[in-house]
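Novice: Chains as they are written, first to last, in this note's numbering: chain A, 2 to 253; chain B, 2 to 253.
The beta carbon of each residue, even a glycine, is placed where N, CA and C say it ideally should be.
Number of protein chains: 2
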Amino acid sequence: MIGKLFLVGLGPGDPGMQTPQATAALSVATDLVGYGPYVDRVPPRPGLVRHVSDNREEISRARHALELAASGRRVTVVSSGDTGVFAMASAVFEAIEHGDTAWRGIDVEVIPGISAMFAVAARVGAPLGHDFCALSLSDNLKPWEVVTRRLRAVADAGFVIALYNPISRARPWQLGAAFALLRDILPPATPVVFATAVSRSDEAVTVVSLADADPARADMRTLVLIGSAATRRIERASAPPWLYTPRSVDAA
Amino acid sequence: MIGKLFLVGLGPGDPGMQTPQATAALSVATDLVGYGPYVDRVPPRPGLVRHVSDNREEISRARHALELAASGRRVTVVSSGDTGVFAMASAVFEAIEHGDTAWRGIDVEVIPGISAMFAVAARVGAPLGHDFCALSLSDNLKPWEVVTRRLRAVADAGFVIALYNPISRARPWQLGAAFALLRDILPPATPVVFATAVSRSDEAVTVVSLADADPARADMRTLVLIGSAATRRIERASAPPWLYTPRSVDAA
C-alpha cells in the first residue's frame, strides 16, 4: 500500500453527530481536502495542510487528493453527512477507476457519517421507520426522465422518499414538477418535511401536506422528505406533530 | 412535558461509530430499555437500571419505556444501527399513537446512528453513491406480495438496494426468491455484498455476482446489498475489489 486516504463524513453539522472514527481520522491527517464550508468545520492544527476547492469540482478534487496520497501523504477528504451518500466517496472511486493504476494501491478507508435524512427523520419522529429511498433530484448528472421514472416507481410502490439536492439557482423548477407528479400518486394529506440546515444554529424544519407543499420553502441546504400513504401524523397540544411510518404494511 | 425518553441508535457495533450524542444520552439516563444484546453494549453504571427484553417484543417494550418516562424517569431505548431504520423508534411512536394520550406530552428525543448499510457500504467502497433504497425483506409484518412488488419497482428503476432482515429460521426461502426475481431484471454480473456483523470482531464481508449469490451466505446478522446495473467493480491486485455507483446516469 502507498499513502493513506480517509474519506470522511462529518455528519450534518452538530459536532455531537460526528463519530469518534471521523474525529480520529482528522487527527492523524497531514492534508485536508474538501469544499470550503466543510473544511471550515475542522479546527486548524499545526501540521495539517488545508486544500479548499469550490462546489461542483468533485472529480478534480478527488484526483488532487489521490495524487497527494500517492505521494505518501495521509489525506482526509471531508464531506458533510455521509461521504458515501451523494458526496465525495463515489467521485474518488470514479477517479481511481479512470486514473493512474498505481492509485489502486492506495490504502483507502471510508468512514461513514450521519446523513442528512437521518438527522431530519430524528427531528420529526420516525418517518423512515419502514421501507424508504434516497433520490437526488438534480438533473445535472442524470436525465430528468430518469428522475421522474424513479420518483414514480418508488411513490407507486409505497417507499418513503428522501430528496437530496431538491433545488438550486440553476434548477429552479424541478422540485415543483416533482410535487406535481407525486400529487397524482399519493394522497393530498401525505406529510412532506422541509428541513434546512438541520442540526445547525439556523435549522428550520417544517411539516406540511403534499397538497400544500410549496417548492419556495426549499433552498440548496434543504432536504425534502416525503411520506408514503402509510406515514402517520401524531398531533400534539403544544408542539409540532410527530411523524412515523409503521412497521406493518397491510395487503395492497 | 413529563418525563424524558431518548431513542438512541448505537451504530453497528464498533464504539468508534457511536456518536457523542448517543454517548451523552446514555450518560444521563436512569433507565435503559432494549433487546438484550444491545443493552449489553452499554457499560453498567451506578444509578442506571437495565430493562432487557427479547427480540420481537417491540411494542410491549415501547409501552414499558413510555410508562417509565411518564412516571418521571429519564429513559433511553437503545437500538443497533439507527433507531429510526427498521428499529425501535417506529414502534415507540406507534405505541404513543395508540396509547395513553398523556404520552404525547413526553419529551421524546430521537438520536440517529450509523445504520448497517452505511457501515457496509464504507467497507466495500461507495456502492450507495447514487440513488438507493432500504427494504426489509421480512414478511412478518407485510405481505410477501408487497415485498416483491417493491423489489421489482426499485430494481427496474435503477436503485441500489439494501436488504434488511434478509433471512431467519422462520423465513428461510425469501432471500432466494428475491435473488431469483432480481435475476430477471438485473445483469448477472451485478455485484451483491453479503455483510455479517459489520464492524465487529467476527465481521465477514463478501462480494459476489448476482448470478452466484447464494442465500446460505446470510444469517440474521447479515445485511445484503445489491448493486444497480450501473454499479462498478474496481479490481485490485492483492485486495478485494472496490464497488461504487457513479454519480452520473446515462439516458435510459
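To the nearest angstrom, how far is it from the Cα of A/L183 to the Cα of A/T207?
Specialist: Going from the Cα of A/L183 to the Cα of A/T207 covers about 19 angstroms.
Novice: For the putative contact between B/L224 and B/A117, defined by C-beta atoms under 8 angstroms, what is the C-beta separation to the nearest angstrom?
Specialist: B/L224 to B/A117, Cβ: 5 angstroms. Contact.
Novice: Do A/D83 and A/P47 have their CB atoms nearer than 7 angstroms?
Specialist: Taking 7 angstroms as the Cβ cut-off, A/D83 and A/P47 do not qualify as a contacting pair.
Novice: Mind listing which residues of the region 47–70 of chain B have their C-beta closer than 8 angstroms to chain A's C-betas, in chain order?
Specialist: The residues in question are E59.
Novice: Check whether chain B comes within 7 angstroms of A/W265, counting only Cβ atoms and requiring the distance to be less than that.
Specialist: An answer regarding residue 265 of chain A cannot be provided, because it is not within the stretch 2 to 253 covered by chain A.
Novice: Anything in chain A within Cβ reach of B/L11, meaning under 7 angstroms, just list it in chain order.
Specialist: Neighbours of B/L11 on chain A: none; closest Cβ ~12 angstroms, over 7 angstroms.
Novice: Within this structure, are the beta carbons of B/A1 and A/V111 separated by less than 7 angstroms?
Specialist: The question about residue 1 of chain B has no answer, for chain B in this structure spans 2 to 253.
Novice: Buried or exposed: B/D32, going by 16 or more other Cβ atoms within 10 Å of its Cβ?
Specialist: Buried is the call here.
Novice: Looking at the unbroken alpha helix (DSSP H) that takes in A/P38, where does it start and where does it end?
Specialist: First-last of the alpha helix (DSSP H) with A/P38: 37–40.
Novice: How close, in whole Å, do the beta carbons of A/I3 and A/A71 come, if the pair is a contact with beta carbons under 8 angstroms?
Specialist: Indeed they touch by this definition, with Cβ atoms about 6 angstroms apart.
Novice: Which residue from A/W145, A/F180, A/W174, A/P45 puts its Cα closest to that of A/A163?
Specialist: Looking at the Cα atoms, A/F180 is the closest of the given residues.
Novice: For a quick check, are the C-beta atoms of B/V194 and B/P13 less than 7 angstroms apart?
Specialist: Cβ distance not < 7 angstroms, so B/V194 and B/P13 don't count as in contact.
Novice: For A/T197, count the other beta carbons within 10 Å of its own beta carbon; 16 or more makes it buried, fewer makes it exposed. Which is it?
Specialist: Looking at its Cβ environment, which holds 16 or more other Cβ atoms inside 10 Å, A/T197 is buried.
Novice: Using DSSP's beta-bridge definition, name the partner residues of B/F195.
Specialist: Looking at the DSSP assignment, B/F195 forms a beta bridge with B/T207, B/V225.
Novice: Is DSSP giving A/R124 helix, strand or coil here?
Specialist: A/R124: helix per DSSP, three-state reduction.
Novice: Check the Cβ of A/G85 against every Cβ in chain B and list those closer than 7 angstroms, keeping chain order.
Specialist: Correct list: F119, A122, A123, A127, L129, G130.
Novice: Quick one: list the residues of chain A neighbouring B/K5, beta-carbon separation under 9 angstroms, in chain order.
Specialist: Ordered by position in chain A, no residue passes the 9 angstroms Cβ test against B/K5, which lies about 14 angstroms from the chain.
Novice: Is A/S91 near A/L11, with beta carbons less than 7 angstroms apart?
Specialist: Contact: no.
Novice: Per DSSP, what kind of secondary structure is B/E110 in: helix, strand or coil?
Specialist: The answer is strand: DSSP assigns B/E110 an E or B state.
Novice: For A/N166, does the count of other Cβ atoms within 10 angstroms reach 16, so buried, or fall short, so exposed?
Specialist: When all chains shown are included, A/N166 counts as buried.
Novice: Output needed for B/A217: all residues of its chain with C-beta closer than 8 angstroms, excluding positions within five of it in sequence on either side, in chain order.
Specialist: Here the set comprises nothing.
Novice: Could you tell me which chain A residues have their CB closer than 8 angstroms to the CB of B/Y245, listed as they occur along the chain?
Specialist: In chain order: A90, S91, F94, E95, E98.
Novice: Return helix, strand or coil for B/L27, following the three-state DSSP convention.
Specialist: DSSP places B/L27 in helix when its eight states are reduced to three.
Novice: For B/V76, which beta-bridge partners are listed by DSSP?
Specialist: Note: B/V76 sits in a beta bridge opposite B/L6, B/D32.
Novice: Taking the beta carbon of A/T232 as the centre, do at least 16 other beta carbons fall within 10 Å, making it buried, or is it exposed?
Specialist: When all chains shown are included, A/T232 counts as buried.
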